[in-house]
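K.L.:
Residue numbers (my numbering): 87 to 678.
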Amino acid sequence: MNLGFADLSWKDNNPFSQSYGDFYSSKKGSYAEAKHVFIEGNRLEEKFLSLEAGTTFSIVEVGFGAGINFLTTCQEWLKEDKSNQFLDYIAFDETLFNVEDFKKTIKQCPELKEVSRVFINNYPVNISGTQRIYFKDYRISLTLILGDIKSSFSYLTNASDIDVWYLDGFAPDKNPDMWSKEIFKQMNLSSHRDTTFSTFTSARLVKNNLEQSGFIYELAEGFSNKRHMLKGKAQSAAVKEGSKKNIAVIGSGIAGSILAYKLAQRGHKVDVYEQNEAACSGASGNDILITYPRLSAFDSPYARFCLHSFLFASSFYDQLKTNAWHNSGVLLMSHDESSLKRQNSLLNARPDNELFEELSHEEASKRAGLQLNNGGILFEKGGYIEPKALCQDLLSHKNINLKLSSTVEKIDLDNNNLKLTINGEVSEYQEVCLCAGYTSKDLLNFSGLSSKRGQISYVDSSKEFENLKFPICASGYFSPKTKGSHILGSSYSDVTNDSVLEEEHISNKKKLKVIHNFNVTINGGNVGFRAVTKDRLPLVGCNKGIYVNTGHGSRGSTSSPLCAEIIADLIDNRPLPVDHEVAIALDANRFN
Ligand SMILES: Cc1cc2nc3c(=O)[nH]c(=O)nc-3n(C[C@H](O)[C@H](O)[C@H](O)COP(=O)(O)OP(=O)(O)OC[C@H]3O[C@@H](n4cnc5c(N)ncnc54)[C@H](O)[C@@H]3O)c2cc1C
Ligand SMILES: C[S@@+](CC[C@H](N)C(=O)[O-])C[C@H]1O[C@@H](n2cnc3c(N)ncnc32)[C@H](O)[C@@H]1O
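Have a look at this one:
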């Protein structure tokens, strides 16, 4: 969960790797070197100018380092309007620069001032595995895979559309793992006939491995005092694919709406079917949903999903710039022995305040604007969404056609054509995404999904707590004032009817007592049915030719953005925003 930072020292203000005994970039200027070796070495200016509308251009970098090549590429990308294209930048490294070292490095590159300011605001976190960061206004995504290249490069196993490779390990004699035969073999498998590569080195080992793996190279003038560098192309018959599709999304809750939006943004035409008269009126129909993670101090696919999905969700909502997202922070209270134990192990694993901060009882009360019963840990990137307003915003995308009062009765797959029967009429699609909450299993007949009723209570505001600054979560949760009331949540029961029940208000009030000994007046409630799985991970992936995105349990606002990204990448046949183990842990067929 907590990866160390790059082990470096400084020589004339240039970062120098202690572990590999080499500089990260040329002492003659890292920006100029990046331009010469990687931008010009791959004729990126020309390639970017001739991109067709709707194209995703992908670059893979082996050796992310301080990110100078990444930022130089971003700067090149931004030279011309790219409102219709997308840059997918995938980078591998074993460690990340800490932000102070990054700031010191980037001072040497005044040309990158603007892009690096944006990068610092979205700086990656030093956690192992795959993380994806969107720079939405730039139409760029950075997928950073932190870990040893010997195991992490298998991330590209299913990738076939990489346009450009940047090879930027340390000098091959000091860092052979970054130049191994396995790397070049995988590069070739993931290339198409127009793929190019470049690197600063012209070492014999690199030439041999390129040749043996099906690349054609040429020697070019090296940067500064280096005589030669290498550039060239893949010998491959594969043709890059990139067609836009007609896609149906079933369900307009938070899972379906975010997925429809992501697909629409990528240029697909999306019909969203909702059986109710209004969008977002199933489990997502609460006034607010609190966005915070379920973290573990131990590394597992479950823990990685929880952490990455939280960071991804927070950044996704931030970048939407919508009033329906309140980045208030969320306090997870330590209220009993087991929560205290869990929080202590988290704090031991991650004492650097990057993901959460420990707040004493006194400090927590001060920051919350309310005298609380205990302290806890504060997730600064947490907050809460107003799902109805959010889904409405998302579904208004020009490529989305929302079809209300439209019940999908049947899905048929014949001869690779997907046919939906909707209110008795049949429509055909190239892809179908099932985001119908707990009823998804009625349409596709799969195992592992059940429903759990939940009721929230609306609480009249009072002077005592009207200034509450952020949601407090313990065994239940209590929210800041929204639309005149506070939300107190929530019950978790097997009752199957959807009426608001007095006994569930009483159980919610009991949960509130853990947070503070208020006497509250309840003025109403709302009931929903969560789609839950046995292992508390959502069901995400392809099942019988249908993309499934459900089982978000009690954390749909946290898990939906990353799961939507996974489905969109599966449909576009692109590398996923999570590693293989996580994708397998989420697999929609895992209970069948
Ligand atoms: C009381 C309560 C409190 C909660 N609090 C939180 C919280 O604080 N934070 C958080 O992150 N999560 C919370 N959750 C969980 C969260 O609400 C869910 O994880 C999330 O809403 C799931 O979204 P979804 O889009 O998968 O499902 P839904 O919102 O249920 O959407 C499914 C949609 O599909 C439609 N549909 C179903 N079948 C068909 C069909 N055949 N044809 C057409 N349409 C169909 C439904 O009408 C529905 O609109 C809470 C849940 C409950 C019940
Ligand atoms: C020359 S630097 C990269 C500089 C970078 N491209 C930039 O723009 O700042 C080489 C990088 O390779 C990484 N590296 C070396 N060995 C590795 C390994 N076995 N697995 C993953 N990354 C490795 C180092 O951590 C270092 O950041």
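Glycine included, every Cβ here is placed at the ideal spot set by N, Cα and C.
Given G546, which residues of its chain have a CB within under 6 Å of its CB, disregarding the five upstream and five downstream residues?
P.N.:
Gly is not the amino acid found at residue 546; the sequence shown has Asp there. Closer than 6 Å at Cβ, skipping near neighbours: T607 and N609.
K.L.:
Please confirm whether H602 and L381 have their CB atoms less than 8 Å apart.
P.N.:
It is not a contact, given that the beta carbons lie outside the stated cut-off.
K.L.:
Please tell me whether, using a cut-off of 7 Å, the distance from the CB of F256 to the nearest non-hydrogen atom of ligand 2 is below it.
P.N.:
Yes - ligand 2 has a heavy atom lying nearer than 7 Å to the Cβ of F256.
K.L.:
Residues in its own chain within less than 7 Å of Y578 by CB, not counting five upstream and five downstream?
P.N.:
Correct list, in chain order: K538 and G540.
K.L.:
Here's the rule I'm using: 16 or more other beta-carbon atoms within 10 Å means buried, otherwise exposed. How should W163 be labelled?
P.N.:
Buried, by the Cβ-count rule.
K.L.:
Taking K582 as the reference, give the member of Y524, G534 and G115 with the closest Cα.
P.N.:
Residue identity differs from the one stated: residue 582 is Thr in this sequence, not Lys. Minimum Cα distance to T582 is reached at Y524.
K.L.:
Could you tell me which of E304, S246, I302 and S548 sits nearest to E327, measuring between CA atoms?
P.N.:
It is S246 whose Cα lies nearest to the Cα of E327.
K.L.:
Is the beta carbon of F150 within less than 7 Å of some heavy atom of ligand 4?
P.N.:
Within the structure as shown, ligand 4 is missing, the only ligands being ligand 1 and ligand 2.
K.L.:
Just the C-alpha distance for N509 and V494, rounded to the nearest angstrom, thanks.
P.N.:
Each residue's Cα considered, the two are about 7 Å apart.
K.L.:
Does the beta-carbon of Y544, which I'm using as the reference point, lie nearer than 7 Å to any heavy atom of ligand 1?
P.N.:
Not so, every heavy atom of ligand 1 lies at least 7 Å from the Cβ.
K.L.:
Measure the C-alpha to C-alpha separation of G107 and K97 and round it to an integer number of angstroms.
P.N.:
Going by the C-alpha atoms only, they are around 12 Å apart.
K.L.:
Check F384 in the structure and name its three-state DSSP category.
P.N.:
Reduced to three states, the DSSP call for F384 is coil.
K.L.:
Report whether the distance from the Cβ of N212 to the nearest heavy atom of ligand 1 is below 7 Å.
P.N.:
No, since every heavy atom of ligand 1 falls outside the 7 Å radius drawn around the Cβ of N212.
K.L.:
Cα-Cα, which of K260, S543 and S95 is closest to E186?
P.N.:
It is S95 whose Cα lies nearest to the Cα of E186.
K.L.:
The alpha helix (DSSP H) with M273 in it runs from where to where?
P.N.:
K267 to L275 is the extent of the alpha helix (DSSP H) around M273.
K.L.:
Based on the DSSP secondary-structure assignment, which residues constitute the bridge partners of S288?
P.N.:
Its beta-bridge partners do not exist; DSSP assigns none.
K.L.:
Are the Cβ atoms of P661 and D655 separated by less than 8 Å?
P.N.:
Closer than 8 Å, so yes.
K.L.:
In chain order, what residues of the same chain lie with their CB nearer than 8 Å to the CB of L293, ignoring the 5 residues before and after it?
P.N.:
The displayed chain sequence assigns Lys, not Leu, to residue 293. So the qualifying residues of the chain are Y303 and L316.
K.L.:
Taking Cβ positions, are Y633 and C477 nearer each other than 8 Å?
P.N.:
Cβ distance not < 8 Å, so Y633 and C477 don't count as in contact.
K.L.:
F680 to N155, Cα distance in whole Å?
P.N.:
The structure shown has nothing for residue 680, since the chain only spans 87 to 678.
K.L.:
To which residues of the same chain is G353 closer than 6 Å at the C-beta, ignoring the five residues directly before and after it?
P.N.:
Counting only Cβ-Cβ distances below 6 Å, and skipping sequence neighbours, we find G140 and K330.
K.L.:
Taking 8 Å as the threshold (C-beta atoms), are T191 and A152 in contact?
P.N.:
Taking 8 Å as the Cβ cut-off, A152 and T191 qualify as a contacting pair.
K.L.:
Identify whether T493 lies in helix, strand or coil by the three-state DSSP scheme.
P.N.:
DSSP places T493 in coil when its eight states are reduced to three.
K.L.:
Taking C-alpha atoms, which residue in G534, L397, I176 and S451 lies nearest to R676?
P.N.:
Of G534, L397, I176 and S451, the residue nearest in Cα terms is G534.
K.L.:
Tell me which residue opens and which closes the beta strand (DSSP E) that Y515 is part of.
P.N.:
E511 to Y515 is the span of the beta strand (DSSP E), which, as asked, contains Y515.
K.L.:
Taking the DSSP output, what are the residues bridged to H572?
P.N.:
DSSP lists V545 as partners of H572.
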